[in-house]
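Colleague:
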Amino acid sequence: MMEKATITIDGRKIQARYGQTILQAAREHGIYIPVLCDHPALPPEGACRICLVEIERQRTLQPACTFPVSEGLVIYTHSPKVIEARKFSLELLLSDHPLDCMTCEATGNCLLQDLAYEYGVTGDRYQGEKHQYPIDASNPFIVVDRNKCILCRRCVRACAYINGVEAISVFYRGFNAYIGFGADSTMQDSPCEFCGSCVEVCPTGALWPKMAIGKGRPYQLQKVQTVCAYCGVGCQIELQVRNNRIVNVVGVENAPVNQGFTCVKGRFGNDFVHHPDRLTRPRVRKYLLEGGKREGKERGEWVEVDWDTALDLVSRKLVEIRDTYGSDSIGVLTSAKCTNEENYLMNKLARQLIGTNNIDHCARL
Amino acid sequence: MAGLATAFGSGAMSNSIEDVTQKAKVFFVIGSNTTEQHPIIGMKIRQAVRQRNALLIVADPRQIPLVDFATLHLQHKPGTDLALLNGLMHIILKNGWEDKEFIAERTEGFEEFKAVLEHYPPHVASEITGVSEDLLYEAAQLMATNKPMAAIWAMGITQHIKGVHNVLALANLQMLLGNIGIPGGGVNPLRGQNNVQGACDMGGLPNVYPAYQPVTSEEAAKKFSQAWGAPMSTKVGMTVTEMIPAAKAGHIKALYIMAEDPIMSDADTNHVRTCLEACEFIVLQEIFYTETAPYADVLLPGVSFAEKCGTFTNTERRIQLVRQALQPLGEARPDWQILTEVANRILTNPSGQRKVDTQAPYARWDYQHPSQIMEEINALAPSYAGVKYTRLERGETFQWPVLDENHPGTPILHVGKFARGLGKFSAVEYIPPAELPDENYPFILSTGRVLYHWHGGELTRRSQGLLEIYPKPLIEIHPEDAERIGLNGRRRVRVTSRRGSIEAEAWITDRVLPGMIYANFHFPEASANVLTHAALDPISKIPEFKVCAVRVEAVES
Ligand code: SF4
Ligand code: SF4
Ligand code: SF4
Ligand code: FES
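Protein chains in written order, with our numbering: chain D, 215 to 579; chain Y, 30 to 586.
#1: Can you list the residues near ligand 4, meaning Cβ strictly closer than 6 Å to any non-hydrogen atom, in the order they appear in the chain?
#2: Got a sec: which bits of the region 285-300 of chain Y sit with their beta carbon under 9 Å from any beta carbon on chain D, in order along the chain?
#3: Please check the pair Y:E345 and Y:M42, which I expect to be a contact at CB under 8 Å, by giving their CB distance rounded to whole angstroms.
#4: Less than 7 Å between the CB of D:V384 and some heavy atom of ligand 1, yes or no?
#5: Here's a check: name, in chain order, each residue in its chain whose Cβ is nearer than 6 Å to the Cβ of Y:V457, leaving out the five neighbours to either side.
#6: Helix, strand or coil, according to DSSP, for Y:T344 in the structure here?
#7: Flag D:Y444 as yes when its Cβ comes closer than 7 Å to any non-hydrogen atom of ligand 3, and as no otherwise.
#8: Quick check: does the Cβ of D:S411 come within less than 7 Å of any heavy atom belonging to ligand 1?
#9: Can you tell which of D:L313, D:Q234 and D:K562 has the C-alpha that lies nearest to the C-alpha of D:T418?
#10: Which residue from Y:M184, Y:E336 and Y:D230 puts its Cα closest to that of D:A443?
#11: Output the distance between the C-alpha atoms of Y:G515 and Y:S556, rounded to the nearest integer angstrom.
#12: Would DSSP call D:C660 helix, strand or coil?
#13: Under 8 Å between C-beta atoms, does Y:V524 make it to chain D?
#14: Between which two residues does the alpha helix (DSSP H) carrying Y:L101 extend?
#15: Spell out the partners DSSP gives D:N462 in its beta bridges.
#16: Considering only residues of the same chain and omitting the five flanking positions on each side of Y:A77, which have a CB-CB separation below 6 Å?
#17: Evaluate contact between the region 475-493 of chain D and the region 487-503 of chain Y, counting only Cβ atoms and requiring at least three cross-stretch pairs below 8 Å.
#18: Tell me where the beta strand (DSSP E) around Y:Y547 begins and ends.
#19: Got a sec: does ligand 1 put a non-hydrogen atom nearer than 7 Å to the Cβ of D:A255?
#20: Would you kindly work out how many angstroms separate the C-alpha atoms of Y:T63 and D:A299, rounded to a whole number?
#21: With a 10 Å radius around its C-beta and 16 neighbouring C-beta atoms as the bar for buried, classify Y:I121 as buried or exposed.
#22: Using only the alpha-carbon positions, how far apart do D:A230 and D:L237 sit?
#23: By Cβ distance, which residues of its chain are closer than 6 Å to Y:A169, with the 5 residues on each side in sequence left out?
#24: I want to verify the contact list: residues of chain D whose CB lies under 7 Å from the CB of Y:P235, in sequence order.
#25: Assign D:A391 to one of two classes, buried (16 or more other C-beta atoms within 10 Å of its C-beta) or exposed (fewer than that).
#26: 8 Å is my cut-off, CB to CB: does Y:D539 come that close to chain C?
#27: Buried or exposed for D:P272, going by 16 or more other Cβ atoms inside 10 Å?
#28: With a CB to CB cut of under 6 Å and the five nearest residues on each side skipped, what residues in its chain are close to Y:L480?
#29: Would you call the region 447-458 of chain D in contact with the region 374-385 of chain Y, where contact means no fewer than 3 C-beta pairs closer than 8 Å?
#30: Suppose you measure from the CA of D:N572 to the CA of D:S404; what does that come to, to the nearest Å?
#31: Should D:L503 go down as buried or exposed, given a rule of 16 or more other Cβ atoms within 10 Å for buried?
#32: Using Cβ-Cβ distances below 7 Å, what residues of the region 338-357 of chain Y are close to chain D?
#33: Rounded to a whole number of angstroms, what is the C-alpha to C-alpha distance between Y:K251 and D:T570?
#34: Under 8 Å between C-beta atoms, does D:S543 make it to chain Y?
#35: If you draw a straight line from the alpha carbon of Y:F653 to that of Y:E422, how long is it in whole angstroms?
#36: Mind reading off the beta-carbon distance from Y:F552 to Y:T561? Whole number of angstroms is fine, and I expect it under 8 Å.
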C-alpha cells in the first residue's frame, strides 16, 4: 500500500506509508528509537519491550517495532514514562545476566551493554535467580553461551527467514525458556549449516564465533571490506584483522548480493590464509641451478632461492623455449581465483610476450 | 559458456541475483546444487519459496537439499538433461503454451527447432529420463502458466559431452516461454569459482581477448598488436583439456600455471600425472604446495586474496573491489607483481627473438598498483570501459557492460534486443553419455562438491573448522545398492573405473538414485577425478564429469 499517513514523532510531522510500523517510519526519517529484538533484515517480533513509545489516545505504551502507522498518530519516543519503562525492562534482563562484561567477548559490540549505558542501568536493582547453563563449544564454529541469551529470538528468525532451515527454536517458557537446536540437541546434530546468520544478528555475546575468542576488542581490530574468495556469488565480507592476522569475519551489511549474510565458507573458512603450509620463499629444482638438464621424469631436489634468482630463471627458460620451439609450445593457465587485473596480465603475457593464444583456466572444470 | 553466446551473442548470466530471487514466479533449477555450491543464492531461493510462495522446479538426479523446498522434483537419470528439456518443450508446444509474440518478433530458427521436438513426445522423454509422463506434463504446465520463470543451472548442465547442447536447450526453453530480457526471468548459469567470470572477461580463454573480442578477427588482432606493440596470433589456442595431453605428446614444452591445481581439478588424474611428468618445464605460482607442486620446476609464492588489491567479477557480472587486509606472508608477493617482474625480464632479455615495440601505448609493464592495470583494461575492453577504482572506492558496484565513467552498469542483458540481434533457436538432439554402465562397470558415477569444501580442497582442507566438520571423502550410495554389494556394517567401498580406483567411506543415503553413486574431488587420498572420464564436449572442451561408469565393492575397513 502506498497511501501516506501523516504522523507526529517528538513534535516532528513526517509522512509515513500505510503498512509501515512506527519504527520503520522513524528509521526512514532518521529518528532514533532503541531496539533489542528488532532487526532490519528480520520480521518484527515485539518481544523485548525496549522500543516502547507513548502514543496519544493509547492507554498503554506500545512497541514501535510492531505498531502500524495510521493517520494522525502523535508519538513520543523519549517521554519520562517511556524511559522509565525501558529502564525497567533492562533491569529485568540484567537481573538474569552474568554481568561479566569485563571479560565478555561482546564488550563494545553488544546492544544490551549499549542500552544499559544509555539508560544508566547497572543491573543491581533486582537480585533474581540466575541461570547457570554450561557453555556449548562442541562445534568448530559457534560458541553458545545461553547465560547471555536475552531470548530476543533474532537468531530463530534469522535461521528461518534468512537461511531458511529452522535449526533454532526456543524451548519451554518463562524462566525455563532457552534456545536450542534441532530437537533440542547441538548445532552439529541439527539441520544447521553454520552459515552464521544467527551470530550475525545476535545482539549479545550468546552466540559467538569460536575463532574470534580472546583475539581482541572491537576497537583493537582493523576492519577491511573485501570480497569472498570461494564461490561465484561474490559476497562482500569484512575481514577483522589484528597483528596481521584475520581474527574474525562478518558480512557487509549493505552489500548488493549478500546484505550482511554469508555461508559457512565465507565466514568461517578463511583461516587457510595463515596455514603453516603457506609457501613463503621461491623454490627451484637443483638441476636448474646447476645449469643441467632433467633426467627422465624425476625432477629432483628443491632449493629455496631469492626472488631474483627464481624470476631470472623463469624468464630465461620461457624465452629459450619460445625461441627454440615456437610460441605455441608454451601454455599458460590463468586463474579463476585471481583478480581481474592479474588475469588481464596473464593474457597480456601470453599474447604479447610469448605470442600464443594457449591460455585457459578452470572454467571448464 | 559457448552455448549462450551462440543463442544470444553473450554467454553470461542475463539477470542479477537480486532481480531473479525477488521477482521470479517460478525457479527452474537444473544441474545446480544451489544451497551447497552457491549458498547465498540457495538461501534466497528458499526465502522466495517460503516468504512469497514462489514455485520451484528442481531437475536433478540426486535428492539435493533444495528438493525439500521444491514444488516438483524431476529426478531424471544422469546425462539425460537434453531429453528432459526437449520433452518439456514438446508438451509446451503441443498445448500452444509458447509465447508466440516473442518468438515472432525476437527470434529465428523456430521451424527447424520445432521439427526436432517432434522426436520427443512424452512417452519417449519419459522412457529416456525415467521421469513419469504425468510429472513431465505437470512441470511443463507450471512453467507455461507462471511467468516469469528464471532458469538457473551450473556444472550439472555443462559438464557433459553434450554440455553446450544442454545450454542451447535451456536457451530454447526460455525463448519459447518469452522469459528473456525481463525481470525475474532469464538464463542464469551460476559460475563456480569466485572469479571465473572475470578470468573469462579478461581474456583468460584461448579464443578471445579481453571482453570477448575474438582472436580470429583481423580487426581485433590489429587493435591488440597496436596496443601491445607485438604481432598477434590469429590462431585459436589450446584449452586446458588440450594443453595437458599436448604436454605428453611433446607439443607443449612449458606450462606457466597460476593458482590452478590440475591434479585435483582435471578429469582422469592418472593421465594428468603422466602428462605433467613429461612436460619439460613447469612454473607454478601458488600459495600452497598443492598436489600439482611435485610436477613443477619452479615454485613462485603468491598471496591470498587478503593480501592484495584488485577486483573480482561475480556470477552476475558484478565488479567488486578486493581490498588488502594483510601484509604478504614471508617473502610471498601478489600475483600481479610476480607477473610484472617476469614480463619485464622477458621484455629486456637481450637474446630474445620476439620483438616488442615498447613505444606502443600499452606495451610496457610499469604497474605500481592494480588500478593502473585497470586503466589499461578500461582502454582495451569496452564492457569494462567505465570501471574506475575511484568509483569502486566510493562504494559503487556495477554489472558489466559499464560503457563509460558515468554509465551505471547493466543489471539485465538482452532487454529489447539480443547482443546478436535476434535470438537463435537451436535444433539439438539428445545423445547418451559417452560412457554408460555395463556388466563390468554397472554404476553411474557423478561428481561434484559439498557445502563445507571447495574445488580441489586446497583452501578448505587447510581451514580447521571446515576440515573438522567434513574431515574425509564420502561416497554417496543408495541403500538398495549398499545392500546389494553387501555393505552391511562395513562402511568402506572401493570404486573402480576404466582409469583408476579409489577407496573411501560410504554414505548410505537416498540422496542418490539406485544405480548411481556420487563422489567429490576435495581430498587427494580419494579424489573422484581418479575415476572420471576425459571425454570432452566437442565445442566447449568441457569433460564429462557428471557421468562415467564404475564398479563398486565393499572392502574391509
Ligand atoms: S548457523 Fe545458520 S543454519 Fe545454523 S543455526 Fe545459525 S542461522 Fe541457522
Ligand atoms: S542467542 Fe542471541 S539472538 Fe538468539 S535469542 Fe539469545 S540473545 Fe537473541
Ligand atoms: S560467502 Fe559463501 S555464498 Fe558468499 S561468495 Fe563466499 S562461498 Fe559464496
Ligand atoms: S524492539 Fe520492539 S519489542 Fe523488541
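Glycine included, each C-beta is placed from N, C-alpha and C at the ideal position.
On a predicted model such as this, the values are computed, not experimentally measured, just so you know.
Modeller: This is what the structure gives:
#1: This criterion selects D:V249, D:L250, D:C251, D:D252, D:G260, D:A261, D:C262, D:R263, D:I264, D:C265, D:P277 and D:C279.
#2: Residues of the region 285-300 of chain Y with a C-beta less than 9 Å from any C-beta of chain D: Y285, I286, M287, A288, E289, D290, P291, S294, D295 and A296, listed in chain order.
#3: The beta-carbon distance between Y:E345 and Y:M42, rounded to whole angstroms, is 5 Å. This is short enough to meet the 8 Å contact definition.
#4: Using a cutoff of 7 Å, the CB of D:V384 does not count as near ligand 1, since none of the ligand's heavy atoms is closer than that.
#5: If we look at Y:V457 and ignore the five residues flanking it on each side, its Cβ neighbours are H194, L197 and A198.
#6: DSSP places Y:T344 in coil when its eight states are reduced to three.
#7: Between ligand 3 and the CB of D:Y444, the shortest heavy atom gap is smaller than 7 Å.
#8: D:S411: yes, Cβ under 7 Å from ligand 1.
#9: For D:T418, the closest C-alpha among the options D:L313, D:Q234 and D:K562 is that of D:L313.
#10: Just measuring C-alpha positions, the residue of Y:M184, Y:E336 and Y:D230 sitting nearest D:A443 is Y:E336.
#11: One C-alpha to the other measures close to 23 Å.
#12: No information on residue 660 of chain D is available, as it lies outside the stretch 215 to 579 that chain D covers here.
#13: Cβ-Cβ to chain D under 8 Å: no for Y:V524.
#14: Annotation for Y:L101: no alpha helix (DSSP H) segment contains it, though the beta strand (DSSP E) segment containing it runs L101 to L103.
#15: According to DSSP, which records beta bridges pairwise, D:N462 is partnered with D:Q454.
#16: Cβ contact annotation for Y:A77 (same chain, cutoff 6 Å, sequence separation greater than five): T50 and A83, in chain order.
#17: Two segments are said to touch when three or more pairs of C-beta atoms, one from each, lie closer than 8 Å; by this definition the region 475-493 of chain D touches the region 487-503 of chain Y.
#18: In the DSSP assignment, Y:Y547 falls within the beta strand (DSSP E) that extends over M545 to N549.
#19: Not under cutoff, so the answer is no.
#20: For Y:T63 and D:A299, the distance between alpha carbons rounds to 47 Å.
#21: Under the 10 Å beta carbon count, Y:I121 is surrounded by 16 or more other beta carbons and is classified as buried.
#22: Put simply, the backbone Cα of D:A230 is about 10 Å away from that of D:L237.
#23: The residues are L117, I120 and I121.
#24: Within chain D, the C-beta atoms nearer than 7 Å to that of Y:P235 come from N571, N572, I573 and D574, in chain order.
#25: Exposed.
#26: The structure shown has no chain C; the protein chains it does contain are D and Y.
#27: Note on identity: in this sequence residue 272 of chain D is Gln, with Pro being the wrong assignment. It counts as exposed.
#28: In the same chain as Y:L480, and ignoring 5 residues on each side of it, the C-beta atoms closer than 6 Å to its own belong to E65, in chain order.
#29: Contact fails: fewer than three Cβ-Cβ distances are below 8 Å.
#30: CA-CA distance, D:N572 to D:S404, rounds to 48 Å.
#31: It is exposed - the Cβ of D:L503 has fewer than 16 other Cβ atoms within 10 Å.
#32: Residues passing the 7 Å Cβ filter: G339, T340, F341, T342, N343, T344, R347, Q349, V351, R352, A354, L355 and Q356.
#33: Going from the Cα of Y:K251 to the Cα of D:T570 covers about 15 Å.
#34: Yes, because at least one Cβ of chain Y sits closer than 8 Å to the Cβ of D:S543.
#35: Residue 653 of chain Y lies beyond the range of chain Y shown here (30 to 586); nothing can be said about it.
#36: Incorrect: roughly 15 Å between the Cβ atoms, too far for contact.
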